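Notes follow once the structure below has been shown.
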Amino acid sequence: MGLIFAKLWSFFCNQEHKVIIVGLDNAGKTTILYQFLMNEVVHTSPTIGSNVEEIVVKKTHFLMWDIGGQESLRSSWNTYYSNTEFIILVVDSTDRERLAISKEELYRMLAHEDLRKAAVLIFANKQDMKGCMSAAEIYKYLTLSSIKDHPWHIQSCCALTGEGLCRGLEWMTSRTGLR
Ligand code: G3D
Ligand code: MG
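Residue numbers (this note's numbering): 123 to 301.
Structural data, given as structure tokens:
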């Protein structure tokens, strides 16, 4: 009896939150997911699929889908949208030319019916690179202040060292309590 109760309890308390990791190719999506998996404060389950991983932060379970960013794959991003609670948009802060494409993809996602309730975490990645754009510049360029219908947060980071990644996860964890 106790065991069944414990199982039910854990089922309801450790609900999984679906996360999709999007961004252009070469932005650093896979490196970020890899850092999450290596991070000591995060517990992980064995790999579920080639691009899906479960990570657990302070009893909050996130099911993370790393979605390919090549142009040919972007049109299929929407097949992953249903039940998504968090979008992690990874931006290569050195890639000034393609920031316009990231912006376009961001607003396309925000307008999508299946992502109506999703919160957006933007990682301004590759902050270790000389001449990269700051999170403030990216914030301005993406006109984040105009986004009123989705919770959003921008975090600068370096996926190679892991710097900034925990702060982003903390924001996500704090949002899960608000639902
Ligand atoms: P993607 O999954 O979004 O396509 P990847 O991107 O995670 O494969 O990363 C693309 C390249 O960027 C990789 O380099 C990776 O090491 C590098 N990269 C990711 N994050 C950072 C970062 O914060 N700083 C720097 N300097 N490089 C980063 P390679 O050379 O392996 O292709
Ligand atoms: Mg990748």
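Ideal Cβ positions, reconstructed from N, Cα and C, are used throughout, including at glycine.
Nothing here was measured: the structure is a model prediction, and the numbers come from that model.
Please confirm whether any heavy atom of ligand 4 lies closer than 7 Å to the CB of residue 248. Of the ligands this structure carries, namely ligand 1 and ligand 2, none is ligand 4.
Return the chain-ordered list of same chain residues with a C-beta closer than 6 Å to the C-beta of residue 284, the five sequence neighbours on each side being excluded. Here the question's residue 284 lines up with position 162 in the sequence shown. Here the set comprises 157.
If you draw a straight line from the alpha carbon of residue 173 to that of residue 212, how long is it in whole angstroms? Numbered from its first residue, the sequence shown carries residue 173 at position 51. Numbered from its first residue, the sequence shown carries residue 212 at position 90. Computed Cα separation, rounded: 16 Å.
Decide yes or no for the touch test of the stretch 256 to 265 against the stretch 289 to 300: beta carbon pairs closer than 8 Å, at least 3 of them. no
Using a Cβ-Cβ cut-off of 6 Å (strictly less than) and excluding sequence neighbours within five positions of residue 275, which residues of its own chain qualify? Within the sequence shown, the letter at position 153 stands for residue 275. Excluding sequence neighbours, residue 275 sits near 243 and 293.
Among the candidates 144, 271 and 214, whose CA atom is the shortest distance from the CA of residue 252? The residue given as residue 252 occupies position 130 in the sequence shown. Here the closest residue by C-alpha is 214.
Since residue 278 is in the beta strand (DSSP E), which residue starts that stretch and which ends it? Here the question's residue 278 lines up with position 156 in the sequence shown. Unbroken beta strand (DSSP E) run through residue 278: 274 to 278.
Given 7 Å as the limit, tell me if residue 188 has its C-beta closer than that to any heavy atom belonging to ligand 2. For the purposes of this step, residue 188 is identified with residue 66 of the sequence shown, where counting begins at 1. Because some heavy atom of ligand 2 lies under 7 Å away, the Cβ of residue 188 counts as near it: yes.
Rounded C-beta distance between residue 245 and residue 154? I'm assuming under 8 Å. Mapped onto the sequence shown, residue 245 falls at position 123. Mapped onto the sequence shown, residue 154 falls at position 32. About 7 Å separates the two Cβ atoms, so the contact holds.
Buried/exposed call for residue 370, threshold 16 Cβ in 10 Å: Absent from the structure is residue 370, since the part of the chain shown begins at 123 and ends at 301.
Can you check which of these residues, 289, 182 and 282, is closest to residue 137 by C-alpha distance? By 1-based counting over the sequence shown, the position of residue 137 is 15. Closest by alpha carbon: 182.
In the DSSP assignment, the beta strand (DSSP E) including residue 187 goes from what residue to what residue? Along the sequence shown, read from residue 1 onward, the residue named residue 187 stands at position 65. 182 to 188 is the span of the beta strand (DSSP E), which, as asked, contains residue 187.
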